[in-house]
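First comes the structure, then the notes that go with it.
This is how it looks when you write it as structure tokens:
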């Protein structure tokens with residue numbers, strides 16, 4: 001029923017006859033009127049996806065041109081620590097053991113940053129596709145989440161880059177040894193692809209975990225979760241958070257705690273936002289009941 005209502009509103013919400021010709025180049029009489037709303041819906045979806053893919057390709061090409069400085073930006077936290085440890089310039093280096101390793105690493109860097117800078121285009125195309133099928137109050141409810149989601153992802157990535165990376169890299173480098181007393185020295189020889197893989201894993205882990213308030217608030221809005229239920233299950237959530245932190249972060253306590261503590265704080269924020277959502281929904285229902293009683 002919801003799919004039928006969505007299609008019907010899309011068909012009624014805009015002059016689809018003109019757009020149908022523009023997209024397909026075929027006369028209206030060629031199609032069955034009962035099938036055109038769905039076909040027009042799929043054509044528009046295709047065009048939105050093409051715009052998004054085109055934006056990603058352009059962003060990828062731009063970022064690939066600047067792949068080396070972008071990779072250096074990701075390496076800066078490690079380079080700063082090596083410099084503070086007093087290592088000579090010759091020891092502050094990264095290695096690659098495959099002829100194609102650096103090339104494909106730069107491709108990954110370009111795709112990563114290209115997807116990030118074109119994220120507003122993706123969200124805009126998604127909104128332009130979805131908005132005609134929504135009521136006004138549904139648009140007002142959904143729009144803040146489309147804005148909050150990339151902002152929270154950026155905050156998670158910024159936290160891990162400026163706060164977690166220096167602490168984690170300092171911890172891992174503390175296991176280096178100078179080889180005094182006849183032993184062999186243990187020194188870091190970081191590979192470019194392995195370093196990039198670890199960095200991207202941590203950034204995505206923190207960025208996705210920072211989506212918790214968005215997910216929980218949406219669940220509260222549709223009635224799948226309540227603030228009271230989240231409070232009762234807080235202890236189970238904390239255990240789950242530490243398990244997730246152990247999975248998504250390197251196996252050191254510092255990285256796990258650094259991810260778990262912000263998520264627990266975000267969980268508390270989610271409870272507050274769910275309570276606020278429930279209060280607004282109760283006020284709206286009370287207002288509707290008053291209007292019905294007055295009639």
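Numbering (full-length UniProt numbering), first residue to last: 1 to 295.
For every residue, glycine included, the Cβ atom is placed at its ideal position computed from N, Cα and C.
Three-state secondary structure (DSSP) at residue 100? Residue numbering aside, residue 100 sits at position 100 when the chain shown is read from its first letter. Coil.
Starting from residue 160, follow the alpha helix (DSSP H) in both directions and report where the run begins and ends. For this step, residue 160 is matched to residue 160 along the chain shown. Careful: residue 160 lies outside any alpha helix (DSSP H) and carries neither H nor E.
My assumption, with CB atoms under 8 Å, is that residue 192 sits in contact with residue 102. Please give the rounded CB distance. Sequence index remark: in the chain shown, residue 192 carries index 192 (1-based). Sequence index remark: in the chain shown, residue 102 carries index 102 (1-based). Sure, about 6 Å apart at Cβ, within 8 Å.
Based on DSSP bridge pairs, tell me the residues matched to residue 191. Reading the chain shown from its first residue, position 191 is the one you call residue 191. Paired residue(s): 95.
State the Cα-Cα distance for the pair residue 197 and residue 207, rounded to the nearest angstrom. Position 197 of the chain shown, counted from the start, is the residue given in the question as residue 197. Position 207 of the chain shown, counted from the start, is the residue given in the question as residue 207. Cα-Cα distance, rounded: 15 Å.
In chain order, what residues of the same chain lie with their CB nearer than 6 Å to the CB of residue 74, ignoring the 5 residues before and after it? For the purposes of this step, residue 74 is taken as residue 74 along the chain shown, with counting starting at 1. Correct list, in chain order: 199.
Could you pull out every residue in the same chain whose Cβ sits closer than 7 Å to the Cβ of residue 58, ignoring the five residues on either side in sequence? For the purposes of this step, residue 58 is taken as residue 58 along the chain shown, with counting starting at 1. In the same chain as residue 58, and ignoring 5 residues on each side of it, no C-beta atom comes closer than 7 Å to its own.
For residue 259 and residue 105, the rounded distance between their alpha carbons: On the chain shown, position 105 is the one that residue 105 refers to. On the chain shown, position 259 is the one that residue 259 refers to. When rounded, the distance between both Cα atoms is 26 Å.
Would you tell me roughly how many angstroms separate the C-alpha atoms of residue 293 and residue 287, rounded to the nearest one? For this step, residue 293 is matched to residue 293 along the chain shown. For this step, residue 287 is matched to residue 287 along the chain shown. Whole-angstrom Cα-Cα distance: 10 Å.
Give me the residue from 98, 95, 267 and 130 with the minimum Cα distance to residue 232. Numbered from its first residue, the chain shown carries residue 232 at position 232. Checked all of 98, 95, 267 and 130; the closest Cα to residue 232 is 267.
Along the chain, where does the alpha helix (DSSP H) containing residue 69 start, and where does it finish? Numbered from its first residue, the chain shown carries residue 69 at position 69. Segment 67-84, the alpha helix (DSSP H) holding residue 69.
Let me know if residue 272 comes out buried or exposed under the rule of 16 or more other beta-carbons within 10 Å of its beta-carbon. Taking the chain shown and counting its residues from 1, one reaches residue 272 at position 272. Residue 272 counts as exposed, since fewer than 16 other C-beta atoms from the protein chains shown sit within 10 angstroms of its C-beta.
DSSP three-state label for residue 177, please. Walking along the chain shown from the start, residue 177 turns up at place 177. It is a strand residue.
Sorted by chain position, which residues of the same chain lie with C-beta nearer than 8 Å to residue 148's C-beta, five sequence neighbours on each side aside? Stepping through the chain shown from its first residue, residue 148 is reached at position 148. Counting only Cβ-Cβ distances below 8 Å, and skipping sequence neighbours, we find 213 and 214.
Using only the alpha-carbon positions, how far apart do residue 138 and residue 127 sit? Counting from 1 along the chain shown, the entry for residue 138 is found at position 138. Counting from 1 along the chain shown, the entry for residue 127 is found at position 127. Cα atoms of residue 138 and residue 127: separation of roughly 12 Å, rounded to the nearest angstrom.
Smallest Cα separation from residue 168: which of 223, 257 and 280? For the purposes of this step, residue 168 is taken as residue 168 along the chain shown, with counting starting at 1. Of the listed residues, the one whose Cα sits closest to residue 168 is 257.
Report buried or exposed for residue 125, applying the criterion of at least 16 other Cβ atoms within 10 angstroms of its Cβ. Indexing the chain shown from 1 puts residue 125 at position 125. Residue 125 comes out buried.
Who are the near neighbours of residue 185 in its chain, counting only those whose CB is closer than 7 Å to its CB and skipping five residues on each side? Here residue 185 corresponds to residue number 185 of the chain shown, with the count starting at 1. The residues are 177, 178 and 179.
Endpoints, alpha helix (DSSP H) assigned at residue 256: Position 256 of the chain shown, counted from the first residue, corresponds to residue 256. Start and end: 253-294.
Do residue 172 and residue 77 have their C-beta atoms within less than 8 Å of each other? On the chain shown, position 172 is the one that residue 172 refers to. On the chain shown, position 77 is the one that residue 77 refers to. No.
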